[in-house]
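A quick write-up on the structure given underneath.
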Amino acid sequence: MARQAFQGLTRVREKFILPDKNLLRWFPGHMAKGLDQIQSTLKNLDAIIEVHDARIPFAGRNPQIRNITKIRPHILLLTKSDLADDKHRERIVHKIKEEGIRNIFHMNCKHKYVTNYIKNTVFPSIWQEIESSASYRREGDTDYHLMIVGVPNVGKSTILNKLRETFTNKGKGALVGAKCGVTTSVMNKVRVSNNPSVFVYDTPGILTPYIPDIEVGMRLALCGCIPYHLVGEEQIVDYMLFWMNKRKHYAYMETYNISEPTDDVYQFLTHVAKEKKMVLKVKKSKFFQEATEEEKFKPDFHAVAGSILRDFQNGDFGKILLDDEALAMDSRQVRTNGEL
10 MARQAFQGLT
20 RVREKFILPD
30 KNLLRWFPGH
40 MAKGLDQIQS
50 TLKNLDAIIE
60 VHDARIPFAG
70 RNPQIRNITK
80 IRPHILLLTK
90 SDLADDKHRE
100 RIVHKIKEEG
110 IRNIFHMNCK
120 HKYVTNYIKN
130 TVFPSIWQEI
140 ESSASYRREG
150 DTDYHLMIVG
160 VPNVGKSTIL
170 NKLRETFTNK
180 GKGALVGAKC
190 GVTTSVMNKV
200 RVSNNPSVFV
210 YDTPGILTPY
220 IPDIEVGMRL
230 ALCGCIPYHL
240 VGEEQIVDYM
250 LFWMNKRKHY
260 AYMETYNISE
270 PTDDVYQFLT
280 HVAKEKKMVL
290 KVKKSKFFQE
300 ATEEEKFKPD
310 FHAVAGSILR
320 DFQNGDFGKI
330 LLDDEALAMD
340 SRQVRTNGEL
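Residue 231 in this note's numbering sits at position 222 of the sequence shown, and the numbers go up by one each step.
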């Protein structure tokens, strides 16, 4: 079906164009304040847990955060791994390790055995990192202090709560939400373990103040790391359509019962609106009586775009690695160097 469908798509965009690049600029005051608070708290920390979305393992990881993590023991958790295409996982890990990060874990926080994974795999690596950097420990301090950092909406607060659940069987210690920006300050430390005594700081998601690459920004927006309404739900769906068509990834056709692929976002939204019955009734006018029954209703583009983005977040289009081009560039460089 996909091959036949592709024959019907006569033209695919080679480049995604965003009408206004400023739509990708989002660095509210709490981010700048949060970065200052992280730096001031650094002297009290034993280790840093960086959290990022496994669908974008490279895009959007704040270089300012990376500089901070270089001076403390550091592990990287790639969350939402159930939504990410994992066939290139080894290459992703290898590329990240070139940054000097030794411990990288893929995690699905919804998995029923996630607490066992934290207890038996993730935490032992944290202790090993801390013990191998004993000079950071404060003399006479029997408590351990960790901090969770990363861009918005990658699951930092969820990780904190899972740590708390794993070792204390207690409820939530941090607020979580489906939208980014739920945590807006470095909160008071939350105890996640009694033996040993471990406290964790939750932090606000912090983006780089300027995103120079449009595609990087759109990938962050598609994963919900930038609020949908700032970029525009319809613009983000348009990027999703562009990304999928460029890679001949036509899962959206089956999801919405579309007979052939399309590169026209409003044609796409119109079809999905009919499938989901998300239409608005047109107000009566002098032409209303002459209009066909179909013309008496119009698609609710805003609502249907939001619905499509929720479907994306639920994994309805299959497992996806949005940062695939970063690996392709790396592969081309390797071939240039004559190593393959």
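Idealized CB from N, CA, C, for every residue including glycine.
| Check | Outcome |
| --- | --- |
| Through-space distance from Ile-135 to Arg-22, alpha-carbon basis | 45 Å |
| Under the three-state DSSP convention, the category Ser-202 falls into | strand |
| First through last residue of the alpha helix (DSSP H) which encompasses Phe-132 | 132-140 |
| Sequence-distant residues of its chain with Cβ nearer than 6 Å to Thr-279 (five each side left out) | Pro-308 |
| 8 Å CB neighbourhood of Asn-365 in its chain, flanking five on each side removed | Here the chain covers residues 10 to 349 and nothing more, so residue 365 does not appear. |
| Buried or exposed by the 16-neighbour rule on C-beta atoms within 10 Å, applied to Leu-289 | exposed |
| Limits of the unbroken beta strand (DSSP E) element including Glu-269 | Glu-269 -> no beta strand (DSSP E), and no H or E assigned at all. |
| Cα-Cα separation between Met-262 and Leu-229, rounded to whole angstroms | 24 Å |
| Within 9 Å, strictly: CB atoms of Gly-327 and Asp-94 | yes |
| Status (buried if at least 16 other CB within 10 Å, exposed otherwise) for Asn-129 | exposed |
| Minimum C-alpha distance to Asn-125 - residue among Ile-113, Thr-175, Leu-86 | Thr-175 |
| From Thr-271, Met-249, Val-291, residue whose alpha carbon lies closest to that of Leu-330 | Met-249 |
| First through last residue of the beta strand (DSSP E) which encompasses Thr-88 | 83-88 |
| 9 Å Cβ cutoff met for Leu-86 and Glu-59 | yes |
| Check whether Leu-274 and Glu-224 have beta carbons under 9 Å apart | It should be pointed out that residue 274 corresponds to Val in this sequence rather than to Leu. Going by C-beta atoms, Val-274 is not nearer than 9 Å to Glu-224. |
| Buried/exposed call for His-103, threshold 16 Cβ in 10 Å | exposed |
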